[in-house]
Amino acid sequence: MRDTALPMDDRGLAYGDGVFETILVRDGRPQLWKQHMARLQAGIERLALPRPDLAAFEALPAQCGPGLKVLKLIVTRGSGGRGYRPPALAEPRWRWTVSAFQPIAERWFEGVNVRCCELRLGRQPRLAGIKHLARLENVLARQEWQDDAIAEGVLLDSEECLVEATAMNLVWRREGRLETPLLDHCGVDGTLLNALEAVVDIDRVRVGLDTLLAADAAWLINSVQGAWPIRRLDDSAGNCLRQWPLATSDAFRQAAHEQLGYPLNRSD
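Just remember that this note's numbering sits 799 ahead of the position in the sequence shown, which is counted from 1.
And the structure:
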């Protein structure tokens, strides 16, 4: 069902009891559809939601029309139950909406400035990796700055381990190896990250901020924006912690953009 109002007793609206996916669609063709559907299914199973008819989702991208669009798909447990107690026989409810999209292309080639967030993510392995609807931690973290010159915020967990950015995954190169944080305690297991791991060697590691500061290059990635090289990292007070030179040939960004159909070079 397309974007229509949810009833006040919908559990996704009331408690964040559901999952969602945000999918880049190019001329009616979804990008990384397999990865998005796999994560959606993983989230449905993790929350013990009744499985909706996933085949019904297959027709949605073609309805997005020409051009570059973002398809947002939400699945909730539906209504019922008493308080936090879910209904014994839930009837899941799903909605979808489409919006036009234009990526910020200069960030691909000029890099971005990012900051460290003060907020620390709580560890909850049962929710780690999936894209559930209860994103208040990310909202509070993004609320920490209003400066448009800061593109993103880096998040650590309660044990001071690197996790992700507020809406993107984090990858860096250190001693010739690509690394990304382990996401078994918290964070979102990105679909672009998953796709890249099938074609590029990326080690998942549990490390602190010092490891990122020791890297010789770093990127933020997701399946809508593509890959942004990090140019500068500040602390939460705006003090520069590290600057990185932009590479003349960014093989990692190019590998990411091959997955999404984005330009590999400025002249493309």
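Beta carbons: idealized from backbone N, C-alpha and C, even for Gly.
Query                                                                                                                                     : Result
Distance, Cα to Cα, L859 vs T875?                                                                                                         : 18 Å
Quick check: the region 860-875 against the region 824-834, are at least 3 beta-carbon pairs closer than 8 Å?                             : yes
Comparing C-alpha positions only, which one of E905, W907, I843 and E936 sits nearest to G877?                                            : I843
Mind checking which residues open and close the alpha helix (DSSP H) that includes W895?                                                  : No alpha helix (DSSP H) contains W895, which is instead part of the beta strand (DSSP E) from R892 to A899.
Just verifying my parser: in three-state terms, what is the DSSP assignment at W1018?                                                     : strand
G928 and L982 look like a contact to me (Cβ under 8 Å); what is the Cβ gap, rounded to whole Å?                                           : 5 Å
How is I843 classed by DSSP in three states: helix, strand or coil?                                                                       : helix
Between A804 and H835, what straight-line distance do the alpha-carbon atoms span, to the nearest angstrom?                               : 24 Å
How big is the Cα-Cα spacing for F1051 and N993?                                                                                          : 14 Å
Are the CB atoms of L961 and G1007 within a distance shorter than 8 Å?                                                                    : yes
Relative to the alpha-carbon of E820, which residue among R828, G1060 and V869 has its alpha-carbon at the smallest distance?             : V869
Pop quiz: C916 and E959 are said to be a contact at Cβ under 8 Å. What is the actual Cβ separation, rounded to whole angstroms?           : The pair is not a contact, with the Cβ atoms about 12 Å apart (cut-off 8 Å).
For P849 and P891, which I take to be in contact (beta-carbon distance under 8 Å), what is that distance rounded to the nearest angstrom? : 5 Å
Under the assumption that A1055 contacts A1026 (Cβ atoms under 8 Å), give the Cβ distance between them as a whole number of angstroms.    : 4 Å
With respect to the alpha helix (DSSP H) encompassing R810, which residues constitute its N-terminal and C-terminal limits?               : R810 to Y814
Which residue spans inside the region 950-1023 form an unbroken alpha helix (DSSP H) run of at least 4?                                   : 990-996 and 1008-1012
Counting contacts by CB-CB distance shorter than 8 Å, is D1049 in contact with chain B?                                                   : Among the protein chains of the structure shown there is no chain B, as only one such chain exists.
Should T965 and L954 be called a contact, given that it needs their Cβ atoms to be closer than 8 Å?                                       : yes
With a CB to CB cut of under 8 Å and the five nearest residues on each side skipped, what residues in its chain are close to P865?        : D826 and G827
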